[in-house]
Structures are given as C-alpha cells and as structure tokens.
Amino acid sequence: MSDIQEPVDTGNDKRDGLDRCPRCGATEIGPVVGTHKLQCAFCRYEWEPGAFDAGAAFDVPLDEIVGTVTTTGVADIEAAASTMVTLKCQGCGAEVVIDTGRSLQARCHWCRQVLSQNTQIPNGAVPDALLPFTVTHPQAVELIRGFASRRRMFALKRFREEFVPENVVGVYMPYLLVDGNLHADIAGQGEIKTRTYQRGPDNNKTTYYDADVYRVTRSFDFTVDDLTVESSSARADLDTSRNTNNVINTILPFDTKNAVAYDARYMGDFTSEKRDLDIAGVMPTVRHQLLSIARQTATDAAPGYDRGIRWESEQLDVKGTRWVAVLLPVWLYSYYEKKSDGSAFLHYIAVNGRTGETMGSIPVNVPKLVVAALVVGAVLEAIAIPIVAASAW
4 MSDIQEPVDT
14 GNDKRDGLDR
24 CPRCGATEIG
34 PVVGTHKLQC
44 AFCRYEWEPG
54 AFDAGAAFDV
64 PLDEIVGTVT
74 TTGVADIEAA
84 ASTMVTLKCQ
94 GCGAEVVIDT
104 GRSLQARCHW
114 CRQVLSQNTQ
124 IPNGAVPDAL
134 LPFTVTHPQA
144 VELIRGFASR
154 RRMFALKRFR
164 EEFVPENVVG
174 VYMPYLLVDG
184 NLHADIAGQG
194 EIKTRTYQRG
204 PDNNKTTYYD
214 ADVYRVTRSF
224 DFTVDDLTVE
234 SSSARADLDT
244 SRNTNNVINT
254 ILPFDTKNAV
264 AYDARYMGDF
274 TSEKRDLDIA
284 GVMPTVRHQL
294 LSIARQTATD
304 AAPGYDRGIR
314 WESEQLDVKG
324 TRWVAVLLPV
334 WLYSYYEKKS
344 DGSAFLHYIA
354 VNGRTGETMG
364 SIPVNVPKLV
374 VAALVVGAVL
384 EAIAIPIVAA
394 SAW
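Just so you know, the sequence shown maps onto residues 4 to 396 in the working numbering.
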C-alpha cells in the first residue's frame, strides 16, 4: 500500500459549547426522527445539513484512489486522551463535564442551556459523519416485541416475565467506512461435471459424479465502496460464550451514502459509543473481508464450473484506500442472564435504525427445547419406519 496522505480536514468551524438555532438563538435543538432535519424546540424552525461526501470533497472515483486517504476523524487515538471533557458555558460561565464515551452533549446545571462537543478530539469520540435515525422509538419497540414473541415458546420464564421492549435505547455505534481500489491474483482448481450415475442395491444407492478438473486463474482490478467495519473493541468482541455482540453485525447494511457531516445536535436523547480502534487495529479484519470479496468476484467471473472452484492461492494488491469515521444508528435491547452455574451471559436484540432490520438472541429454556426435539424426532421416526419397511418389500 502506498504512503498515507495528509488527512482531509472534516472538522467544522463551530466552537465547543453553545450551539444556537440560526433563527432565534436557542440551544434546544434536536433531530426530527424519521428525517435528516434538525428542529429548534422554541421557534420550531427546521433545516437539513448537506450530505457528508459532498462536504468532504469525497467525489473522487473509487478506481482513482491512490495511497491511504484518511480524514481527521480517523486520526490515531492518543493513549493518554481522557473521555472526560470540560466545556465552559458561554451563557453563564459555568464549567460542565461531558463523558464523551457515552454522549457528546450535556446540559448546563446552572442556566440549563445545552452544550455540544463540536470539535474533533484525540480520544476517538467525534467522527467525521453521522447517519441519523429514521426508525422511531415506537417502531423499534414493536419490532423487538415481534421478534421476541415469535420465540416466546422456548424462552426462559424469567425472561418472559421481565421482558419490557419499551426499555430499548437508541445508540450511535462507531464504525469505519473503507473505500478500496485493489488488484487480485487468484488461482485454484475448478470442476465441470461430465457424468452422474448410481451404484448399489435399490434401497441403498450411492450417487457418483465424474468431473473434469481444470487449473483456474483470475487476475483483475476491483473496487470496494463503503466497507463497514466495527471500530469499538467492545463490540468487536465476538466471544459467544459471554455475549451476542455478533447480532449487531447481522443488521447491516446501512445506507451510508446518506450520512451527514457530524453535528452533535443529532444526538438528542440518544447515547453514543466512542471509537477506540485505529486503522492498524482493524486492518486484519479489513484485509480478510477484502480477500473474501476478491474470491467471490473471481467465482462470479467463472460461472461454467458447475462443480465449483477451490481457490488455493490468492494475492491482494491494495492500490489505494479511503477511510471515514462514522456513527451509525442502532436500537438496542439487552438482557442480562444469570445462569445456574454462576456464569453470566449478555443477550442483545438489535434494530437497524434506518431499515428496521432486526436480529438478536433470547435466553432459552434448554430442558423444554430438548423435550420438544425428542418429541419431533420420535414423530419423524414413527413416520419413517413404515415407509422404509414398505420399500424393502
């Protein structure tokens, strides 16, 4: 990969602190969920910021990206950088502390005005862009209720009693978006079926296949647009013995082309998590996904091998990449299960805050599930035995 270029400055010209309505000067500004608009709570004025790509001059074609193009929002995180930031209220002079690991806004405890963290800071909390919520809280509640209801039969009794979908919270999750300009060289063996035949007695036949084997190579350029990668180490922890973080990735993709330039006023009542992984920290994951894309591209380019292709060697040349830090909207319901052996497990049900795609896990009553499986197995066996006996005659 070529050298890293000078970062594209995606910061805004706003100061930290009071962020006023352009019409009346109030600081009570929040998102109009379901749209990309912001609204002043006093004068009801609404406006819509522009798309991020245009504002950051990111209109260079993917196949012309050279080197590593970064933004100020994906700068390496300083190890000593604190999540706690102190802002001075321009309204009354009070000093207000914001925990940027959870939120990027706070209310002054004296004059009650809202303070915003607008500038990018070295702890990874402030991204380049943000994708607003369009799925509302009532919609998310119904989606989660429906998901759990369809699995209610085998859920733990305690979960059924404690399940309160109204407790779902909206969270902005940190991701890195990667554009890539790449070249791949892939080689392997492909098979084309020439004959199918069966051998053995009538009631126990085995099917055999004959195939011609060919050496297959593919060399090609390809591009990747907005590859979405976790940039929070806590969410990237996919240890399924402790949690179901993996369900968050199952609600992808997001329509990231509709992202807007970061504006703390989109936070509203939502919380946020900060990025704690740099480019180097996610590079192994990115490279693995790029190789997967290359293999699939090569497979699609060789449709004639009806018995499939086994790729044996692959080489990836990264001619250029472009990186953007973004916050993406997720409605999240969590349930902490305390197991009988003393261990704990954290279940999640996640809703894509843009599309409504829902996935998750619920605690299962294992004995009840085993009994159901045995009953189904017994029924299938009772049906199968007469059929097999009749065919033997």
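Ideal Cβ placement from N, Cα and C applies to all residues, glycine included.
None of the values given here were measured: they were computed from a predicted structure.
Grab the span of the beta strand (DSSP E) containing Asn355 for me, first residue to last.
Ala347 to Asn355
Straight-line gap, Ala151 to Phe162 (C-alpha atoms, nearest Å):
10 Å
Please state if the CB of Tyr265 and the CB of Gly132 are separated by a distance shorter than 8 Å.
It is worth fixing the name first, because residue 132 is Ala in this sequence and not Gly. Contact flag set, yes.
Roughly how many angstroms separate the alpha carbons of Ile80 and Leu159, rounded to a whole number?
42 Å
Return yes when the Cβ of Gly307 is within less than 8 Å of the Cβ of Ile195, no when it is not.
yes
What are the partner residues of Arg47, as DSSP defines its beta bridges?
Paired residue(s): none; Arg47 is not in a bridge.
Drop a sphere of 10 angstroms on the beta-carbon of Ser5, count the other beta-carbons inside from all chains shown, and report buried for 16 or more, exposed for fewer.
Confidence at Ser5 is low in this model, with a pLDDT of 49, below 50, so its placement is unreliable and the value that follows should be read with caution. Exposed, since its Cβ has fewer than 16 Cβ neighbours within 10 Å.
Would a C-beta distance cut-off of 8 Å place Trp314 and Gly191 closer than the cut-off?
yes
Considering Cα atoms alone, identify which of Gly380, His291, Ser234 and Thr358 is closest to Val126.
Residue identity differs from the one stated: residue 126 is Asn in this sequence, not Val. Answer by Cα proximity: Ser234.
Taking DSSP as the reference, what is the three-state secondary structure of Phe136?
coil
Could you tell me the distance, in whole angstroms, from the CA atom of Glu164 to the CA atom of Glu276?
30 Å
Around the Cβ of Arg105, are there at least 16 other Cβ atoms within 10 angstroms (buried) or fewer (exposed)?
exposed
Quick check on Ala397: buried or exposed, where buried means 16 or more other Cβ atoms within 10 Å of its Cβ?
Only positions 4 to 396 of the chain appear in this structure, which leaves residue 397 out of reach.
So what's Glu67 in DSSP terms, helix, strand or just coil?
helix
Name the two residues that bound the continuous beta strand (DSSP E) containing Leu331.
Ile312 to Lys341
In terms of DSSP beta bridges, what is Ala54 paired with?
Val263
Met156, DSSP secondary structure in three states
helix
For Tyr339, which residues in the same chain have their Cβ closer than 7 Å to its Cβ, ignoring the five residues on either side in sequence?
Ala347 and Leu349
May I ask you to report which of helix, strand or coil DSSP gives Pro34?
strand
So, using beta-carbon positions, are Pro130 and Thr73 closer together than 8 Å?
no
My output table needs one value for Ala187: the three-state DSSP class, helix, strand or coil.
strand
Spell out the partners DSSP gives Pro223 in its beta bridges.
Before going on, a small fix: residue 223 reads as Phe here, not Pro. According to DSSP, Phe223 bridges with Ala187.
Considering Cα atoms alone, identify which of Ile68, Thr13 and Val36 is closest to Ala78.
Thr13
DSSP three-state label for Leu41, please.
strand
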